[in-house]
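Add 206 to the 1-based position in the sequence shown for my numbering, that's all there is to it. Contents: one structure, followed by commentary.
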Amino acid sequence: MGRAENPIAPCTTSLHALASWLRQRRADAQVSYTELAQRTHFSKATLSRAVSGRTVPRLVVVKALAEVCGADPAEAERLWKGARYDARNTWPRHGASRLRIDYVTTFAGLHLALLELYRRDGSRPYRELERQAGRHGQLPHATIGRVLTQRAHPRREFVLAFIQTCGVTDEDDLEVWGRAWDRAQAAHILSSPPPRRKSRPGHRPTRDQRNACRHP
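Right, here's the structure in full:
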């Protein structure tokens with residue numbers, strides 16, 4: 207197996223858990239980094255860096271390493287998402303990170319809930335989410351960007367497609383998210399000003415009519 211590995215670098219608890227898990231799976235499979243490199247087509251340096259704790263590796267590297275070692279790919283992805291979330295989550299812990307979707311009543315709250323879900327899914331590239339959604343136009347990457355940056359309110363169909371792509375598949379959970387959108391839409395309609403009435407084309411009040419309005 208070669209010389210002993212360097213200790214895992216100081217890092218978050220979740221990244222340490224990922225690096226430790228990958229190292230243990232390699233040790234259990236008794237596979238060297240040279241063999242891993244040959245079977246995964248990633249360099250020895252990339253594979254060694256993936257278990258160093260210095261940075262969160264790419265998901266494709268983690269899954270390839272787990273596959274060669276006969277490890278559970280779902281567990282590998284779960285650990286990677288936790289490490290990725292902690293690495294990219296820069297907002298205060300006491301705020302939106304504890305937001306519950308069943309308490310959401312506005313689009314502002316829905317935006318935060320979608321962003322939280324996106325981060326917990328690993329903050330994957332928008333184009334990757336678009337490809338995973340499958341059907342053409344169901345989850346355009348440009349729309350994802352506008353929604354997550356609060357530049358557009360999402361449609362109900364978008365919300366359901368987005369959360370399923372991010373791993374929410376339970377029917378009850380889908381209904382909860384759908385009801386959250388319904389509440390946000392209802393609040394948006396109530397808070398919107400009524401449309402201004404348009405005057406008839408070509409109709410302008412006469413001077414007498416304007417004076418009558420000023421001096422009843």
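Virtual Cβ for every residue (Gly too), placed ideally from N, Cα, C.
At the level of alpha carbons, what is the spacing between Q244 and L253?
In a straight line, the C-alpha of Q244 is about 11 Å away from that of L253.
Are the CB atoms of Q344 and A367 within a distance shorter than 7 Å?
Cβ atoms of A367 and Q344: closer than 7 Å.
Over the uninterrupted alpha helix (DSSP H) stretch that includes S397, give me the two end residues.
Here the alpha helix (DSSP H) through S397 covers E377 to S397.
Considering Cα atoms alone, identify which of V267, A282 and T261 is closest to K250.
The residue with the shortest Cα to Cα distance from K250 is V267.
For a test of the three-state rule: what should DSSP assign to R362, helix, strand or coil?
R362 falls in the helix class under three-state DSSP.
Pick helix, strand or coil for E211, following the three-state DSSP scheme.
DSSP places E211 in coil when its eight states are reduced to three.
Would you call Y309 buried or exposed, if buried means 16 or more other Cβ atoms sit within 10 Å of its Cβ?
When all chains shown are included, Y309 counts as exposed.
Could you give the first and the last residue of the continuous alpha helix (DSSP H) run that contains Q338?
Per DSSP, Q338 belongs to the alpha helix (DSSP H) from Y332 to A339.
Would you give the residue range spanned by the alpha helix (DSSP H) that Q236 belongs to?
First-last for Q236: undefined, no H or E at that position.
How is F163 classed by DSSP in three states: helix, strand or coil?
Past the edges of the chain, shown from 207 to 422, lies residue 163, and the structure says nothing about it.
In this structure, does DSSP put V268 in helix, strand or coil?
The answer is helix: DSSP assigns V268 an H, G or I state.
State the DSSP-derived secondary structure class of T355, mapped to helix, strand or coil.
It is coil, neither helix nor strand.
For the alpha helix (DSSP H) holding D278, just list the boundary residues, first then last.
From DSSP, D278 is part of no alpha helix (DSSP H); its letter is neither H nor E.
If the criterion is Cβ atoms closer than 7 Å, does the pair L321 and L354 meet it?
Yes, the pair counts as a contact, with Cβ atoms nearer than the cut-off.
Considering only the beta carbon of each residue, do H222 and G259 sit closer than 7 Å?
Against a cut-off of 7 Å, the Cβ pair of G259 and H222 comes out as a contact.
Would DSSP call D327 helix, strand or coil?
The answer is coil: DSSP assigns D327 none of H, G, I, E or B.
In the structure shown, what three-state DSSP assignment does H300 receive?
Note that H300 has pLDDT 37, beneath the 50 cutoff, so the model's placement of it is unreliable and the number below is only indicative. Coil at H300, not helix or strand.
Roughly how many whole angstroms lie between the Cα atoms of A358 and K287?
Those two C-alpha atoms are separated by around 26 Å.
Mark P298 as exposed unless 16 or more other C-beta atoms lie within 10 angstroms of its C-beta, in which case mark it buried.
In this predicted model, P298 has a pLDDT of only 42, less than 50, meaning its place in the structure is not dependable; the value taken from the coordinates is given anyway. The residue is exposed, with fewer than 16 neighbouring Cβ atoms inside 10 Å.
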